[in-house]
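> After the C-alpha cells below, expect a handful of questions from me.
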Amino acid sequence: MNTDNELMMQLKGNDLDKLGILFERHKRNLFGFFFKITYDRDVSEDMVQEVFIKILKYKGSFRGYGKFSTWMYSIAHNVSVDHFRKQNKYVFSEDPEKFNSFEDQDHELNTIRYEGFDMLNRAMLKLVSDKREILILSKIDGLKYKELGRILNCSENTVKGRVFRALKELKDIFSKMEVPEK
Amino acid sequence: MKKEIIEKWMAEFLSPDISADDKEELKNRLIQAGYDKVELEDMDKLYSMLDEIEVPETSSKLDTDFYRSLDLHKDAYSDKSSQFGTFINSMFRKKYAFRLAYSLTLVVFGWYLGSWSGRIDNNNVKIQSMSQEISQMKQVMMYTMLEQPSATKRIKAISYTDEFENVDDKILNTFLDTLNNDPNPNVRLAAVEALSRFSDIQFVRKGLVKSILKQKSPLVQVALIDLMLKLKEKASKKELSILLENRELNYSVRNKTRETIRLL
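Those protein sequences? They're chains A and B, same order as listed.
For this note's numbering, count along the first sequence from 1 and bump the result up by 2.
For this note's numbering, count along the second sequence from 1 and bump the result up by 7.
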C-alpha cells in the first residue's frame, strides 16, 4: 500500500485519482477535527472539501520531506482561521440558538444532541476558537508537539504553553459549570 | 520555578506519547514544584475526556461533492487527446464496441451528409439527428462506465442522465439494479438521487420502495427514507415497518424510520 507521501508525489505528477485515496484515508479525521471546533456538521463538511481543493491547488508546494498529515493539518488550520475570521466568530459565547439549531439537523446529530452535548461541549464552546483548536489538534493521533509547531508556525515550547493554558482555561470553565438536573 | 517550565512539564505530562514511567516521574516533579496533585489529576482526566467528544457520521453529500469536484478537476487537467485515445482503446475491448462504432459512423456520416448537401433547410433535421446520435453514444458510454471497477467512474456514469434527452426504461432498470446491487454505497446514493427525478414513473417508485429492505448501509437507508417522506409515499409504510423489525438496524436510522412512518 502506498504511503500518503507516495500518493502525494503521484498527485503532483497529475495522477489526480490519488486524491481520492487520500480523501478516503483522511476525511473522517479531518471532519472530526473541524466538527470539534465548529460543532456544525455542514460547515465541517464544507471545510473538509476546502482542504482537499487546496491540496490539489497547492500540491506543487508539497516537498515530501515531512509527514503528509502535518502538511494537511497546516492547510486545515488555515481553513479554520479563515472560517472564523469570515464568520467573525473568533470569540464564541454559549448560544442557546446554536444548541436548538441542532434539533433541526438530521438524525446523526440528533443522536448526540443532548447526551453528547454535555458539560464538556458547553465548556469547549466557551473557549475562543483558537484555544479549542489547539486542544483538538493536540489530541490528533500521530501529531506531536513539534509537528503542531510546524502547523501553527510557532516553536514546540510555545505549543506546550498554549496547550496547557487552553486546558487550564477549559478546566476553570468546566469547574464553574453546574451539573444539569436530569 | 519558572512558569514556562511548569507549562512545558505539564504539556509533556499530558502528551499521549509519553511512557507510563516518564508520566509518573513528571507527575512527581510537578507535585514537588508545588503543583496541586488533585488539580493535576483533574486536568489529566479532563484532557482525556476530549477524546470522548462525539462526532456524527459524515453525510453522503461530502463524498458526492468531493468526487464531482475531483472529476471536474480531472477534466480540466487531463490531456484530452490522450484520454480520448485511452477511452477508445478500452471501449474496443468492451462488448459495446460494436454499438459505439456504429454510433460514431452514423455521426460522421450525418456530419458529412450535412456538409455535402449544403441545403440549409435540411440542417435542422440533421442537427437533430446528430444530437440523437450523440445522446445514444453517451448512453453507450454510460453502460460501459457502469461496469468499471472505479466507483468514481460509476458515479459519473449515473450523472450522465442529466445530459440525456430521453431516459428510457432500460436505463431506469439499470439504475434500479445498481441501487440494489452495487457494492459501493456512494454509487448507490447516486442511483437514489438519479432515480428520484423519475419517481413519478410507477415502476421506478415501486423499485425505490422495494429497495429499502435491500440496503445495509445506513446512509442509503436514510436517503431512501427521506425520499419516501418527500414523495409522501404511503405504500412504503409496510417496508419501513419491516425495517424496524431488524434488531441490528442503526439507532439513528431506527429513529428516522419511526418518525417517517408517523409523518406518513
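Think of the CB as a built atom: it goes at the ideal place given N, C-alpha and C, for glycine as much as any other residue.
Quick caveat, the model's predicted, so the values are computed rather than measured.
Answer with yes or no whether the minimum CB distance from G68 of chain A to chain B is below 9 Å.
It does not; no Cβ of chain B falls within 9 Å.
> Can D6 of chain A and K69 of chain A be called in contact, C-beta distance under 9 Å?
The answer is yes: Cβ separation under 9 Å.
> Enumerate, from N- to C-terminal direction, the unbroken alpha helix (DSSP H) stretches of 4 or more residues contained entirely within the segment 145-211 of chain B.
Fully enclosed alpha helix (DSSP H) runs of 4 or longer: 158-166, 176-188 and 192-203.
> Can you tell which of B:S259, B:K163, B:T159 and B:V211 has its C-alpha closest to the C-alpha of R145 of chain B?
Position check: residue 145 of chain B holds Lys in this sequence, whereas Arg was assumed. When each option's Cα is compared against that of K145 of chain B, the closest is B:K163.
> Relative to the alpha-carbon of I13 of chain B, which residue among A:K162, A:S177, A:N4 and A:D174 has its alpha-carbon at the smallest distance?
Among A:K162, A:S177, A:N4 and A:D174, the Cα nearest to that of I13 of chain B belongs to A:K162.
> Short of 8 Å Cβ to Cβ, which residues in the segment 150-175 of chain A face chain B?
Residues passing the 8 Å Cβ filter: N159, V161, K162, G163, V165, F166, R167, L169, K170, L172 and K173.
> Measure from the alpha carbon of L220 of chain B to the alpha carbon of each residue in B:D82, B:V147 and B:I232, then state which is nearest.
Per the Cα distances, B:I232.
> At which residues does the alpha helix (DSSP H) containing F54 of chain A begin and terminate?
Element bounds for F54 of chain A: R43 to K59.
> Have a look at B:P63, B:S110, B:L251 and B:F210 and flag the residue whose alpha-carbon is nearest the alpha-carbon of R177 of chain B.
Sequence check: residue 177 of chain B is Lys here, not Arg. For K177 of chain B, the nearest C-alpha among the options comes from B:F210.
> From what residue to what residue does the alpha helix (DSSP H) around D84 of chain A run?
Element bounds for D84 of chain A: F70 to Q89.
> K29 of chain A to L196 of chain B, Cα distance in whole Å?
Spanning the two alpha carbons is a distance of roughly 18 Å.
> Specify the secondary structure class of T112 of chain B as computed by DSSP and reduced to three states.
DSSP places T112 of chain B in helix when its eight states are reduced to three.
> What in chain A is Cβ-close to P192 of chain B, meaning under 8 Å?
In chain order: nothing, as chain A lies at least about 12 Å away.
> In its own chain, which residues sit with a C-beta less than 8 Å from the C-beta of I25 of chain B, not counting the 5 before and 5 after it?
If we look at I25 of chain B and ignore the five residues flanking it on each side, its Cβ neighbours are E19 and L33.
> With contact counted as at least three CB pairs below 8 Å, one residue from each stretch, are the segment 184-202 of chain B and the segment 152-163 of chain B in contact?
Enough Cβ pairs lie closer than 8 Å, so yes.
> Hey, L69 of chain B and E47 of chain A are a contact pair by Cβ (cut 8 Å); roughly how many whole angstroms apart?
4 Å between Cβ atoms; contact.
> Name the residues in the segment 22-51 of chain B whose C-beta lies less than 9 Å from a C-beta of chain A; which are they?
Those would be S22, P23, D24, E46, D49 and M50, in chain order.
> What are the residues in the segment 136-147 of chain A lying within 9 Å of chain D by C-beta distance?
No chain D is present in this structure, whose protein chains are A and B.
> I need the straight-line Cα distance from S82 of chain A to S71 of chain A, nearest angstrom please.
If you take the alpha carbons of S82 of chain A and S71 of chain A, they lie about 16 Å apart.
> What are the boundary residues of the alpha helix (DSSP H) that P63 of chain B is part of?
Here P63 of chain B belongs to no alpha helix (DSSP H), and DSSP marks it neither H nor E.
> Using a Cβ cut-off of 9 Å (strictly closer), state whether L53 of chain B contacts chain A.
Yes, its Cβ sits closer than 9 Å to a Cβ of chain A.
> Considering only the beta carbon of each residue, do L53 of chain B and K173 of chain A sit closer than 9 Å?
Yes.
> For N123 of chain A, go through chain B and note every residue whose CB falls closer than 7 Å to its CB, in chain order.
Within chain B, the residues near N123 of chain A are I60.
> What's the C-alpha gap between V62 of chain B and V114 of chain B?
Whole-angstrom Cα-Cα distance: 53 Å.
> List the residues of chain B whose Cβ lies closer than 7 Å to the Cβ of E47 of chain A, in chain order.
Neighbours of E47 of chain A on chain B, chain order: T65, S66, K68 and L69.
> Shortest alpha-carbon distance to Y75 of chain A belongs to which of A:N155, A:L18, A:R164 and A:D120?
For the residues A:N155, A:L18, A:R164 and A:D120, the minimum Cα distance to Y75 of chain A belongs to A:N155.
> List the residues of chain B whose Cβ lies closer than 7 Å to the Cβ of V50 of chain A, in chain order.
Residues of chain B passing the Cβ test: L69.
> Distance, Cα to Cα, A230 of chain B vs M149 of chain B?
Answer to the nearest angstrom: the Cα atoms are 23 Å apart.
> Looking at chain B, is there any beta carbon in it that lies within less than 9 Å of the beta carbon of M126 of chain A?
So yes, M126 of chain A belongs to the interface.
> When the cut-off is 9 Å and only beta carbons count, does L129 of chain A lie next to chain B?
For L129 of chain A, the answer is no, since every Cβ of chain B falls outside 9 Å of its Cβ.
> Does the beta carbon of S67 of chain B fall short of 8 Å from some heavy atom of the ligand FMN?
Ligands displayed in this structure: none; no statement on the ligand FMN is therefore possible.
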